[in-house]
Each structure stands twice: as C-alpha cells, then as structure tokens.
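Heads up: the structure comes next, in structure tokens.
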Amino acid sequence: MLFKRFSFVALLLGLMLLSSLPAGTSQSRLKRTIGGREFERGKWPWLALLKATRIPMKDNRNRTFSFTCGGVLVSRQWILGAAHCFKNDSRFDLRETHKWKAWLGTVDFSDLSDCREMGNGVDTIVVYPGYNSSSGIDDIALIKLWHPVRVDANVRPIILPSPTFKNFPFQGQMCTTMGWGCTKHRGSASSRAMEIQIPIKSNSLCRKTYRIRMDRRLCAGYLDRKKNISTCKGDSGSPLVCKSESGYTLAGILRSGKTSYSRSYPSIFQRVQDYLPWIKSVIA
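According to mature numbering (1 follows the signal peptide of the UniProt record, and there is no 0), the sequence shown holds residues -27 to -1, 1 to 257 in order.
Below, the structure written as structure tokens:
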C-alpha cells in the first residue's frame, strides 16, 4: 500500500500537460518550480524538455493528450530522464518513440525562436532493466535522439559523476535543480524554466517522510513550515546538479516529491552515480 501510494504521488509529479489540441482534446499548461527563480539561456545548457503529443486515451472516447517531462543531455545523442515518463497503463501508452520530441537550448517554452535543437525526434527509449513501476525503484531511463546535437554555449552535455568519488554529493551540500514544474501548490501556469537551490539531506529524512525504500536514491530539499521551496508537478526527470572538482556535475534525476500550501517537502532523486555502468554501456 505504501509503495502504491508513493507511485501515485510520483504520477502527479510527472510533467504531464494537456496542451491545445483539436476538438475532443483536453488542455493544461506548463508549470514550474515552487520558490524558483528565472535563469538566463545557456546557464544550464544540458537541460532538456521532452514532449509526447497526440497520445490517444484507451477509453475510446476520441480524446488525446500531450505529456511532457524534463531531462538532461548526457552525450551528444542521449538524454537521461525518469522511467515513469514512458509508462504504459490502463489509460495510455507512452512508449511509442515517434510520439516524442526533445527541445534543448531554450528556457522559455512560449518562445522557441532561439531553440536550435527544436523538436529533435526520439529514436529509442531505454528503461533501466530493474525499474519497478509499482514501487518506483530504479526510476531512470535513457532517450536516444534522432541525430546528435551540435554543441555550443547553449547546448552541451553535462559532466557525469566520477565512479570513485563515493561521497558525491555530500550531506549538506547545496545543489540546484531546474525545470518547468508548477510555481505553487495547484498554482498558475508558466512556460519558463526555473531553478531552485536545495540541500542534500540524509536518506533517512525521505524514508521517514514518505515511508519508502531509498535504494540508489538521494534525498534533497527542505522539510520546513517556514520555507516554500520545492520541486513540483511538472519537474519529473529534471536534473539535480552539484559542484565537484570538475564543475557542475549530474548528481540525480528527479523521481518525485510532495507539495503543500504551507510548507516545503524534500524530493526524491535517483542517484546517477549508481547507474554509471549501465549508462556508459548503453550510450557507448
């Protein structure tokens, strides 16, 4: 029961947007991070937006939806994201690669004029073999683009963590996550990406808060009535980046979190360092 409840929270967190579509479709809007701030294009050049369009519902009511998740460029042709963004359940199937496209090099989804890598198609979706959709364990996936991106100041892969630095990121370290999630609990929409700084916490905090397993996971954020800083619905798959000797380095991929009108809650990230052998074997 606890795992199923947490999976439902993760589902709500997944950046699932109902966009403007023809008659018989539903609508929603991009949302962003609670307590976040805007940032300039090129600051986080590895940030990606993944969007699937015209996904038919399985209820045969002639309804279609659009779904969007965050991601992070880890090589010229591969994006790392959350596995639950590509689920297949009783309502819809998000595994069809031709439905997905990726946007890189922009922070404002309402203005794609500066987005050179606009609509790069998805060739392959590789979900981690151990992913469990019920418990959310190993919620990580790799997405191969149709063609390699051209690297410049606004689009480039992030640095992956060193497999030998076992204490990365360390407890108490301030890190940054960014994405197009909501700005407040059940809040208004925005098309601009936002960033927040959050501390790495002991995994026991998230284990107690959500009563879940924390295998190969990171706990980051605040459990505080005085703060209103957290990830939100719409940020799934977004990166958690922390400083290392090599510069800003990928630490985690957002799995889920919780929002409230009056307090902050920590978020759950898949710990990228634990998946390095798999990542390198897939993108090689």
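We treat Cβ as the ideally placed atom computed from N, Cα and C, and that holds for glycine.
Here the structure is a predicted model, which is why all the values come from computation and not from measurement.
Worksheet item: Taking the alpha helix (DSSP H) that residue 221 falls in, what are its first and last residues?
Response: Secondary structure note for residue 221: it is in no alpha helix (DSSP H), and the uninterrupted beta strand (DSSP E) holding it is 220 to 229.
Worksheet entry | First through last residue of the alpha helix (DSSP H) which encompasses residue 216 | Annotation for residue 216: no alpha helix (DSSP H) segment contains it, though the beta strand (DSSP E) segment containing it runs 212 to 217.
Worksheet entry | Beta-carbon separation (whole angstroms), residue 101 vs residue 251, contact threshold 8 Å | Correct: roughly 6 Å between the Cβ atoms.
Discussion item. Between residue 55 and residue 228, how many whole angstroms is the CB-CB distance? I'm expecting something under 8 Å.
Written reply: With 8 Å as the limit, residue 55 and residue 228 qualify as a contact, their Cβ atoms being about 6 Å apart.
Discussion item. So residue 224 and residue 191 are supposed to be a Cβ contact under 8 Å. How far apart are they, rounded?
Written reply: The Cβ separation is near 7 Å, so the contact holds.
Worksheet item: Do residue 142 and residue 195 have their CB atoms nearer than 8 Å?
Response: No.
Worksheet item: CA-CA distance, residue 139 and residue 247?
Response: If you take the alpha carbons of residue 139 and residue 247, they lie about 10 Å apart.
Worksheet item: What do you get for residue 254, buried or exposed, if any count of 16 or more other CB atoms within 10 angstroms of its CB means buried?
Response: So residue 254 counts as exposed.
Worksheet item: Per the contact definition of three or more C-beta pairs closer than 8 Å, is the segment 110 to 122 in contact with the segment 44 to 58?
Response: A contact between stretches requires three or more CB pairs, one per stretch, nearer than 8 Å, and the segment 44 to 58 meets this requirement with the segment 110 to 122.
Worksheet item: For the alpha helix (DSSP H) that residue 181 lies in, which residues bound it at each end?
Response: Per DSSP, residue 181 is one residue of the alpha helix (DSSP H) stretching across 176 to 183.
Worksheet item: According to DSSP, which residues form a beta bridge with residue 94?
Response: DSSP output for residue 94 lists 74 as bridge partner(s).
Fill in: Neighbourhood of residue 22 by C-beta distance below 6 Å, restricted to the same chain and skipping five residues each side
Correct list, in chain order: 76.
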